[in-house]
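Residue numbers (our numbering), protein chains in the order written: chain A, 1 to 40; chain B, 1001 to 1248.
Here's the structure, in structure tokens; my notes come after.
If you want it as structure tokens, here you go:
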């Protein structure tokens, strides 16, 4: 992995966090559908 | 010719190439994760083709394929492949059994819905994703198969997206195999793209599904290709990430 790479040091971790947040949000959304909070 | 007519054909073409590539890897390496990925991707491709077909004409069994493989099953099967890649425990086989039984049940439920479809409301003027809720009855009126989609999608989110993000994080933390860091980010992003697009269909915004599928197909294929490249620094791979490397 390139050392001192701004992409790998900054962009990648931010991407991982953002994608992780979206994943959790989608899981909660699907749970909401299952539990009836979100209509089919 | 509208975009919604063309996009599913492109998605189908990308998924066909992707599926064949993954199943060829299974044929040569006989690893379970390639099999489940291949089967899940074949389901994704079948659903894309079904969309392309339904943009031109109605066929109840093509609709059956679109809903069962596209809305219900494919995320769970693709994600299950990732579980096989990352977890080398015997209980994964138990989950396989549950997935197969769940898929059979979902298929049976979908067959129960077929006589209840309101085919008269179908129009080629709209994408099927914008009118499926009118074609299928409500859950309370017999379409209990609609209750299965959150299960498969949640499982797919946790395993496919969670697994890809976890893999990416592992390689990033160890500062090795940058192709796998980026490849797994692309896979996660692709899967989330289609997840977001299909979530919007529940709010009546089905027009984004087609572009979502094409973007997902391209991102995931790119990610798989990139992550699957041989590592130049394989000698420096720590044991904790070696299991994923060894799977190839």
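Each residue gets a CB set at the ideal place from its N, CA and C atoms; glycine is no exception.
Would you mind working out which of B:1058, B:1117, B:1062 and B:1030 sits nearest residue 1045 (chain B), comparing C-alpha positions?
B:1062
Would you say residue 1221 (chain B) faces chain A, with C-beta separation under 7 angstroms as the test?
no
Using the C-alpha atoms, what's the distance from residue 1170 (chain B) back to residue 1216 (chain B)?
23 angstroms
Taking CB distances under 7 angstroms as the criterion, tell me whether residue 1172 (chain B) reaches chain A.
yes
When we look at the beta-carbon of residue 1285 (chain B) and count the other beta-carbons within 10 Å, is it buried (16 or more) or exposed?
Outside the displayed range of chain B (1001 to 1248) lies residue 1285 (chain B), so it cannot be described from this structure.
Run of the alpha helix (DSSP H) containing residue 1057 (chain B), from where it starts to where it stops
No alpha helix (DSSP H) contains residue 1057 (chain B), which DSSP labels as neither H nor E.
Taking Cβ-Cβ distances shorter than 8 angstroms, what residues in chain A pair up with residue 1088 (chain B)?
Residues of chain A passing the Cβ test: none, with the nearest at roughly 23 angstroms.
Anything in chain B within Cβ reach of residue 27 (chain A), meaning under 8 angstroms, just list it in chain order.
1154, 1157 and 1158
Since residue 1155 (chain B) is in the alpha helix (DSSP H), which residue starts that stretch and which ends it?
1148 to 1156
Quick check on DSSP: helix, strand or coil for residue 1173 (chain B)?
helix
Is the shortest distance between the beta-carbon of residue 12 (chain A) and the beta-carbons of chain B less than 7 angstroms?
yes
Is the beta carbon of residue 1036 (chain B) closer than 7 angstroms to that of residue 1076 (chain B)?
no
Quick one: any contact between the region 1136 to 1144 of chain B and the region 1152 to 1163 of chain B, if contact means 3 or more CB pairs under 8 angstroms?
no
Please go through the same chain and pick out, in chain order, the residues whose beta-carbon is closer than 6 angstroms to the beta-carbon of residue 1165 (chain B), but skip the five residues on each side of it.
1188
So, for residue 1048 (chain B): in the same chain, excluding its five sequence neighbours on each side, which residues have a beta-carbon less than 7 angstroms away from its beta-carbon?
1008, 1011, 1012, 1015 and 1213
For chain A, find out if any of its Cβ atoms is closer than 7 angstroms to the Cβ of residue 1011 (chain B); answer yes or no.
no
Leaving aside the five residues before and after residue 1103 (chain B) along the sequence, list all residues of the same chain whose C-beta is less than 6 angstroms from its C-beta, in chain order.
1073
Select from the region 1172 to 1190 of chain B all residues with a C-beta closer than 7 angstroms to any C-beta belonging to chain A, and list them in chain order.
1172, 1175, 1176, 1178, 1181, 1185, 1188 and 1189
Could you tell me the distance, in whole angstroms, from the CA atom of residue 1235 (chain B) to the CA atom of residue 1084 (chain B)?
With a pLDDT of 46 at residue 1235 (chain B), under the threshold of 50, the modelled position of this residue cannot be trusted, and the question is left open.
With burial defined as no fewer than 16 other Cβ atoms inside 10 Å of the residue's Cβ, what is the status of residue 1066 (chain B): buried or exposed?
buried
Alpha carbon of residue 1034 (chain B) to alpha carbon of residue 1097 (chain B), nearest angstrom:
17 angstroms
Cβ atoms of residue 26 (chain A) and residue 1185 (chain B): under 7 angstroms apart, would you say?
no
Residue 38 (chain A) (DSSP reduced to helix, strand or coil):
coil
Can you give me the C-alpha to C-alpha distance between residue 1175 (chain B) and residue 1092 (chain B), rounded to a whole angstrom?
29 angstroms
Short Cβ contact (7 angstroms threshold) for residue 1199 (chain B) with residue 29 (chain A):
yes
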